[in-house]
Each structure stands twice: as structure tokens, then as C-alpha cells.
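Reviewing the structure listed below.
Numbering (my numbering), first residue to last: 285 to 522.
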């Protein structure tokens, strides 16, 4: 059944946004009395019934709420320098949500190409991907932060920074073999991190890692890291 998003399932009623109302009533042609499944991105799944079937304001009653535990045995925090073309970040957010990521943050680096991002747009893309992939937990987002400030965001058992020019041969996969429960992965812009940024990250406990012999685009590198974590640390059954 189609999932609908409503950000608070703690009350007895729901009222969809105009966008979700239009999709429910005008596109999917639901009517009064129909039963819906609602998710809030916080692990809750609700059964609900429509009382008002208007394409600008669909509302109704919440009948039952079920709480689900996170399905992944780890949490991955991604910090990434946004690409110049916003479509590539749109694509990354969609795929990151589908594969499982706990937090997506954006960083301003020395070689960054883009000075701002549209968090509202990315949040909508994330919600759409959450519903499509039938998951219950929506990743959190943080706005563009200076590189130095981003280094201290969030606690993580394993802190990695992908670096193309690293002379070390420690692959991302080798670091994942210890099965960390929390990971912070930093991915830089197309021009990579500067040596000064790498030194600063290492001073904050980050280890440089390799993503293979090929030079990857920013969004490809990030998705590679997310997929590697899912493969090594255990993806759920589909």
C-alpha cells in the first residue's frame, strides 16, 4: 500500500499538507472512509482513516500507531561538499535515503564550488525516497557549515575522510572490518580536500581512506561509502 508522510503521529488526528493532500485525493483518488498508512520518519507507522477528502486539505483520524526499531545495525553520518550542479546532490540524497543513512550534512571547503544549498528541496526529495523505499526513519540534515566546524559535529566511533592524494593504502573496506556502530564519513569537492584540511581533520581524529584506484565524482564517492557500509555492516532483507 502507498505510504503517506505526516511528521507527527502522536495525536489522534492528521491533516496533510496541500501537496500530500493533492497526491492522496486527486492523484490516487482516495475518498472519505479509506484507510491510509502514514509514516513520520521517526520510526512510527500509523493506520488512519480519511474524514475530509479535499485536494487542498485531506484530514482524518489516527487509528493505530506501531513503533519500529531502526533496521540497520549502525549509524552513518555523511558530511559532503555540495556539487556545483544541484541535480547531482538531489540524486545523491535520493539514493542515500534508499540505502540507509542517519544524517547528511554539507560542508564548505577550500575548493568548494557551491556557496549554498536548498535544504527544503532536499528534505522533500528525502521524504519521497523514504516513502518509495518503504522505510520508517528519515535522515536528519544540517545546513552548510565551515569545514572546521563540521569536524566536531556528531560523535562517531569511526571517523573517516576520503582523500584522493593519500599515500596510505588503507581502504574504506579495511576500516569497516571492525564493525563500528557509528561512522562519520567526509567527502570533499571535485578539487578534493586541501592538505591543510586533511591535517586539520587528522588532528580531530579522522583517518584518511581510499575509495579505490578510480577518481570518483563527489556524489559517486559518497554513495560508494554508503553502499560499502551497507555491504560490510549488514543491510536488511528486502
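Backbone N, C-alpha and C fix where the C-beta goes; we use that ideal spot for every residue, glycine too.
Option nearest residue 391 by Cα separation, candidates 485, 513, 512: Along the chain shown, one-based indexing puts residue 391 at 107. Checked all of 485, 513, 512; the closest Cα to residue 391 is 485.
DSSP-derived helix/strand/coil call for residue 365: The residue labelled residue 365 in the question sits at position 81 within the chain shown. The answer is coil: DSSP assigns residue 365 none of H, G, I, E or B.
Buried or exposed (CB count within 10 angstroms, at least 16 for buried), residue 471: Taking the first residue of the chain shown as 1, we reach residue 471 at position 187. With 16 or more Cβ atoms within 10 Å of its Cβ, residue 471 is classed as buried.
Whole-number beta carbon distance between residue 343 and residue 289, since they are thought to touch under 8 Å: To locate residue 289, count along the chain shown from 1; it is residue 5. To locate residue 343, count along the chain shown from 1; it is residue 59. Incorrect: roughly 14 Å between the Cβ atoms, too far for contact.
Ordered list of alpha helix (DSSP H) runs contained in the region 465–505, each at least 4 residues: 479–487
Coarse secondary structure for residue 331, derived from DSSP in three states: The residue labelled residue 331 in the question sits at position 47 within the chain shown. Note: residue 331 maps to strand in three-state DSSP.
8 Å Cβ shell around residue 507 - same chain, five flanking residues per side excluded: As a position in the chain shown, residue 507 is number 223, starting the count at 1. Result list for residue 507: 376, 379, 380, 383, in chain order.
Coarse secondary structure for residue 432, derived from DSSP in three states: Counting from 1 along the chain shown, the entry for residue 432 is found at position 148. The answer is helix: DSSP assigns residue 432 an H, G or I state.
Contact between the region 489–503 and the region 414–424 (3+ Cβ pairs under 8 Å): With the cut-off at 8 Å, the region 489–503 and the region 414–424 do not touch.
Collapsed DSSP secondary structure at residue 341 in the structure displayed: Counted from its first residue, the chain shown places residue 341 at position 57. Residue state, collapsed to three classes: strand.
Selected residue, minimal CA-CA separation from residue 409, among 441, 439, 372: In the chain shown, the residue the question calls residue 409 occupies position 125. When each option's Cα is compared against that of residue 409, the closest is 372.
Delimiting residues of the alpha helix (DSSP H) encompassing residue 411: Counted from its first residue, the chain shown places residue 411 at position 127. 403–416 is the extent of the alpha helix (DSSP H) around residue 411.
Beta-carbon proximity of residue 296 to residue 345, cut-off 8 Å: For the purposes of this step, residue 296 is taken as residue 12 along the chain shown, with counting starting at 1. For the purposes of this step, residue 345 is taken as residue 61 along the chain shown, with counting starting at 1. For residue 296 and residue 345, yes; Cβs fall inside 8 Å.
Proximal residues to residue 286 (C-beta, below 7 Å), its chain only, five neighbours per side dropped: Sequence index remark: in the chain shown, residue 286 carries index 2 (1-based). Contacts found: 312.
Spatial neighbours of residue 419 in its chain, beta-carbon cut-off 7 Å, leaving aside the 5 residues before and after: Start at 1 with the first residue of the chain shown, and residue 419 comes out as number 135. Correct list: empty, nothing qualifies.
As assigned by DSSP and simplified to three states, the class of residue 521: Start at 1 with the first residue of the chain shown, and residue 521 comes out as number 237. Because the pLDDT at residue 521 is just 46, under 50, the model does not fix this residue reliably, and the point stays unresolved.
Among 504, 310, 474, the one whose alpha carbon lies nearest that of residue 393: Reading the chain shown from its first residue, position 109 is the one you call residue 393. Of 504, 310, 474, the residue nearest in Cα terms is 474.
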